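Colleague:
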Amino acid sequence: MVLIMKSKFTQEQLQEAIAAMETGGVKVMVSKGSETTILGAEGNSAKLDEEYLSQLPGVERVMRVSEPFKAANRKYHPDDSVIDMGRGVTVGGKKLAVIAGPCSVESEAQIVAVAQAVKESGAVAMRGGAYKPRTSPYSFQGMGVEGVRLLMEAREKTGMPIVTELMSADQLPFFEECVDVIQIGARNMQNFDLLKKVGRSKKPILLKRGLSSTIEEWLMSAEYIMAEGNKNVILCERGIRTFETYTRNTLDLSAVLAVKQLSHLPVVVDPSHACGKAWMVERMAMAAVTAGADGLIIEVHNDPKNALCDGAQSITPQQFEALMPKLAAVAACVGREI
Ligand code: PEP
Ligand code: MN
């Protein structure tokens with residue numbers, strides 16, 4: 001349920017409305033938007049008396065929200081959320097956030113070279129996996145602690161915030177100390193225990209869509225994080241599994257439009273994991289910007305042929321450099337900038 005306040009109301013009226021909702025057993029999320037102030041009920045709102053609440057002074061109207069996601073719902077927060085990724089970088093505003101870097105951190109020389117190159121081309125944050133969720137236990141599993149340390153070194157040299165995947169809650173204190181944005185990978189999108197734990201963190205969370213998850217399931221996973229108090233969620237569409245096997249996954253661009261309509265959270269698109277083919281990345285990245293994505297996360301490797309993970313879908317720093325002005329041109333067509 002949401003309470004929409006009148007265009008003019010007093011602080012006492014606001015407090016009275018909040019108290020009335022809390023008496024009904026819910027937590028209240030206050031959203032002061034550009035035009036309206038909205039009080040959203042988090043939790044079970046079955047005991048709230050709609051009739052009574054709608055007659056409180058200062059309250060314009062009361063609306064039941066049928067969707068199961070509340071804190072992530074645009075009805076609770078009509079304005080787009082702008083999330084701070086650290087180091088002065090934000091995602092969700094007019095400026096698109098382009099995050100780039102290798103699938104995995106492999107060495108100091110590799111991560112520093114790629115980070116410097118993508119920064120020069122206009123990336124605002126870097127990615128790089130240190131803990132890798134691999135299908136085979138015999139594949140490279142990531143450099144672990146040393147990988148995170150190398151990311152920090154690249155951050156030192158470039159000033160860009162780090163995005164890297166957390167696979168186990170055991171590593172959360174270490175990540176909170178060292179990284180800027182915590183990625184929850186597609187395979188862990190419904191690891192509810194992990195979601196609750198990162199929900200108690202203050203770090204922004206990049207939540208990838210699960211391999212076969214519906215839009216509602218994805219938003220409910222965001223809700224798990226937000227319900228614990230962490231409202232800094234960035235959604236990431238990275239392709240879903242369909243009957244098609246030519247591409248690694250199927251990039252669901254209509255999901256970007258749907259989610260932007262249903263939720264106030266920013267959405268970034270990962271064309272690399274969606275397609276699995278480096279030659280498709282440029283066009284799909286441009287398409288994602290056209291569809292209204294708030295940013296991109298792109299795999300870039302200095303030597304894709306010899307990459308330890310996801311070489312086939314990684315573009316080179318030179319290809320990334322060529323891509324950025326094209327993205328800027330497309331962004332201008334849809335009222336955004338890079
Ligand atoms: C990754 O970002 O390298 C990754 C493993 O992504 P996903 O969880 O989308 O497969
Ligand atoms: Mn990858």
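Under my numbering, think of the first position of the sequence shown as 1, with each following residue one higher. We put the CB at the ideal spot given by N, CA and C, even for glycine. Keep in mind that this is a model prediction, so the values were computed, not measured.
Please list the terminal residues of the continuous beta strand (DSSP E) segment that includes R134.
Modeller: Here R134 belongs to no beta strand (DSSP E), and DSSP marks it neither H nor E.
Colleague: Touching or not, the stretch 212-228 and the stretch 189-198, by the rule of three or more beta carbon pairs under 8 Å?
Modeller: yes
Colleague: Please state whether the Cβ-Cβ distance between A46 and L265 is less than 8 Å.
Modeller: no
Colleague: Indicate whether E165 and G199 have their beta-carbon atoms separated by less than 8 Å.
Modeller: Cβ distance not < 8 Å, so E165 and G199 don't count as in contact.
Colleague: If you compare alpha carbons, which of G33, C103 and G92 is closest to K75?
Modeller: Residue G33 is the option with its Cα nearest to K75.
Colleague: Please report the distance separating the alpha-carbon of E67 from that of V267.
Modeller: 19 Å
Colleague: Say the cut is 7 Å; is the CB of E299 nearer than that to a heavy atom of the ligand MN?
Modeller: At least one heavy atom of the ligand MN is nearer than 7 Å to the Cβ of E299, so yes.
Colleague: Ignore the nearest five residues each way along the sequence and tell me which others in A255's own chain have a CB closer than 6 Å to its CB.
Modeller: I215 and E237
Colleague: Using the rule of at least 16 other Cβ atoms within 10 Å of the residue's Cβ for burial, across every protein chain shown, is T23 buried or exposed?
Modeller: Per the 10 Å Cβ criterion, exposed.
Colleague: Confirm, please, whether the CB-CB distance from V30 to Y36 is below 8 Å.
Modeller: Checking the sequence shown, residue 36 turns out to be Thr, not Tyr. In this structure, the beta-carbon distance from T36 to V30 does not fall below 8 Å.
Colleague: Report all residues from its chain with a CB closer than 8 Å to the CB of S314; omit the five preceding and five following residues, and keep chain order.
Modeller: P102, C103, S272, A278, E299, V300, H301, P304 and A307
Colleague: For the ligand MN, is there a heavy atom less than 7 Å away from the beta-carbon of D310?
Modeller: yes
Colleague: Under a three-way DSSP split, which group does E228 fall into?
Modeller: If DSSP states are grouped into helix, strand and coil, E228 belongs with coil.
Colleague: Return the CA-CA distance between K197 and L206, expressed in angstroms with no decimal places.
Modeller: 14 Å
Colleague: Here's the rule I'm using: 16 or more other beta-carbon atoms within 10 Å means buried, otherwise exposed. How should C309 be labelled?
Modeller: When all chains shown are included, C309 counts as buried.
Colleague: Would you list the one or two residues that DSSP bridges to M29?
Modeller: G40
Colleague: Within the stretch 99-160, note down every full alpha helix (DSSP H) run reaching 4 residues or more, in order along the chain.
Modeller: Counting only runs of 4 or more, we get 108-121 and 145-158.
Colleague: Short check: CB of E337 to CB of K94, under 8 Å?
Modeller: The beta carbons of E337 and K94 sit closer together than 8 Å.
Colleague: Any chance the CB of C103 is under 7 Å from a heavy atom of the ligand FAD?
Modeller: Ligands present in the displayed structure are limited to the ligand PEP and the ligand MN, and the ligand FAD is not among them.
Colleague: I believe G92 touches D294 by the beta-carbon criterion, under 8 Å. Please report the beta-carbon distance rounded to the nearest angstrom.
Modeller: 5 Å
Colleague: For a test of the three-state rule: what should DSSP assign to E321, helix, strand or coil?
Modeller: helix
Colleague: To which residues of the same chain is E60 closer than 7 Å at the C-beta, ignoring the five residues directly before and after it?
Modeller: I4, M5 and K6
Colleague: Once DSSP output is grouped into helix, strand and coil, what is the label at N306?
Modeller: helix
Colleague: Which residue's Cα is closest to the Cα of A154: I240, V112 and P57?
Modeller: V112
Colleague: Short of 8 Å in beta carbon distance, which residues of its chain neighbour A258, apart from the five on each side in sequence? Order them along the chain.
Modeller: I215
Colleague: Taking 6 Å as the limit between beta carbons, can you name the residues of its chain near P57, skipping five residues before and five after?
Modeller: Q13
Colleague: Using only alpha-carbon positions, find the residue among Q319, A331, L194 and K326 that is nearest to A117.
Modeller: Q319
Colleague: Look at the alpha carbon of Q15 and the alpha carbon of G229, and state the distance between them as a whole number of angstroms.
Modeller: 20 Å
Colleague: CB-CB under 8 Å to A20, same chain, minus the five flanking residues each way: which ones, in chain order?
Modeller: In the same chain as A20, and ignoring 5 residues on each side of it, the C-beta atoms closer than 8 Å to its own belong to Y52, L53 and L56, in chain order.
Colleague: Note down, in chain order, each residue of its chain lying with its Cβ closer than 8 Å to the Cβ of A17, except the 5 sequence neighbours on either side.
Modeller: L3, M5, L39, L53, L56, G58 and V59
Colleague: Is K208 near the ligand PEP, with its Cβ less than 7 Å from a heavy atom?
Modeller: yes
Colleague: Work out the CA separation of A288 and A332 for me, nearest whole Å.
Modeller: A straight line joining the alpha-carbon of A332 with that of A288 spans about 13 Å.
Colleague: Give every residue of the same chain whose Cβ lies closer than 7 Å to the Cβ of E176, excluding the five residues on either side of it in the sequence, and list them in chain order.
Modeller: S201 and K203
Colleague: Give me the Cβ distance between L219 and S263, rounded to the nearest whole Å; I'm assuming they're in contact under 8 Å.
Modeller: The pair is a contact, with the Cβ atoms about 6 Å apart (cut-off 8 Å).
Colleague: Report the three-state DSSP secondary structure of V289 (helix, strand or coil).
Modeller: helix
Colleague: If M1 sits next to V62, beta carbons under 8 Å apart, how far is it from one beta carbon to the other, in whole angstroms?
Modeller: 6 Å
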